[in-house]
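Undergrad:
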Amino acid sequence: MFAGVDVGRRCKMAMIDEMELLYVGDYDKNALLNAFAVGIDAPLTFPEKGMFRECERKLLQLGIRLFPSGAPFFRKTAILGMKIAEDLREMGLKVFEVYPYASRVLLKIAPKANKRKKEGLREIRSALSRYIEVPELSHDEIDAVISALTVREFIHGRGISVKGEGEIILPGRI
Numbered sequence: 034m035f036a037g038v039d040v041g042r043r044c045k046m047a048m049i050d051e052m053e054l055l056y057v058g059d060y061d062k063n064a065l066l067n068a069f070a071v072g073i074d075a076p077l078t079f080p081e082k083g084m085f086r087e088c089e090r091k092l093l094q095l096g097i098r099l100f101p102s103g104a105p106f107f108r109k110t111a112i113l114g115m116k117i118a119e120d121l122r123e124m125g126l127k128v129f130e131v132y133p134y135a136s137r138v139l140l141k142i143a144p145k146a147n148k149r150k151k152e153g154l155r156e157i158r159s160a161l162s163r164y165i166e167v168p169e170l171s172h173d174e175i176d177a178v179i180s181a182l183t184v185r186e187f188i189h190g191r192g193i194s195v196k197g198e199g200e201i202i203l204p205g206r207i
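Reminder that position 17 of the sequence shown reads as 50 in our numbering, one-by-one numbering, no gaps.
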């Protein structure tokens, strides 16, 4: 089982296996005890200086836009993500930093769709169905599913790791 956690005001999580969505809903670390690996949608390190980590600059060079992990407005989310990662590692779980938008770009899961609009969510859900069927979900829940999908692809050797002041795993090839 692979899991994804979307970190934010409403922390959501999803669990998938090879073929289907097993759970999506509110974050509950105890429900993750049987997970093989977890992807967390939040920076798990801060930049040594400036606003961007080296791994983020590499994504920007690929044309993948993102919020800088060093931005003050993003700090609270990053700290919560780091705390969740620490808790899960203490439980013996493999934890990875993921970025669902980058996964959408690389897997062609409606990368131009606006996840904050109903039509955009519908487009994302439709494109995501090539990998896993999902019901109508919020954008936070969709991000949790894509986080779990990213981990599944990476663990099965269908992904890469972008390193530098942290590490972000991505599905597919660049």
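Ideal Cβ positions, reconstructed from N, Cα and C, are used throughout, including at glycine.
All values derive from a computational prediction rather than experimental measurement.
Could you give the residue range of the alpha helix (DSSP H) that holds S159?
TA: Residue numbering aside, residue 159 sits at position 126 when the sequence shown is read from its first letter. Looking at the DSSP string, the run of the alpha helix (DSSP H) that includes S159 is K151 to L161.
Undergrad: Compare the C-alpha of G205 against each of E119, G197 and F187 and name the closest.
TA: Walking along the sequence shown from the start, residue 205 turns up at place 172. Taking only the C-alpha atoms, the option nearest G205 is F187.
Undergrad: Using DSSP with H/G/I as helix, E/B as strand and the rest coil, what is K148?
TA: The sequence position of residue 148 within the sequence shown is 115, counting from 1. It is coil, neither helix nor strand.
Undergrad: Does DSSP put K82 in a helix, a strand or coil?
TA: For this step, residue 82 is matched to residue 49 along the sequence shown. DSSP places K82 in coil when its eight states are reduced to three.
Undergrad: Run through DSSP, which three-state label would P133 get?
TA: For the purposes of this step, residue 133 is taken as the residue at position 100 of the sequence shown. Note: P133 maps to helix in three-state DSSP.
Undergrad: Relative to the C-alpha of A70, which candidate in L161, T183, K127 and I157 has its C-alpha closest?
TA: Mapped onto the sequence shown, residue 70 falls at position 37. Closest option to A70, Cα to Cα, is K127.
Undergrad: Here's the rule: buried if 16 or more other CB atoms are within 10 angstroms of the residue's CB, otherwise exposed. What is K109?
TA: By one-based count along the sequence shown, residue 109 stands at place 76. In the assembly as shown, K109 is an exposed residue. Its beta-carbon has fewer than 16 other beta-carbons within 10 Å.
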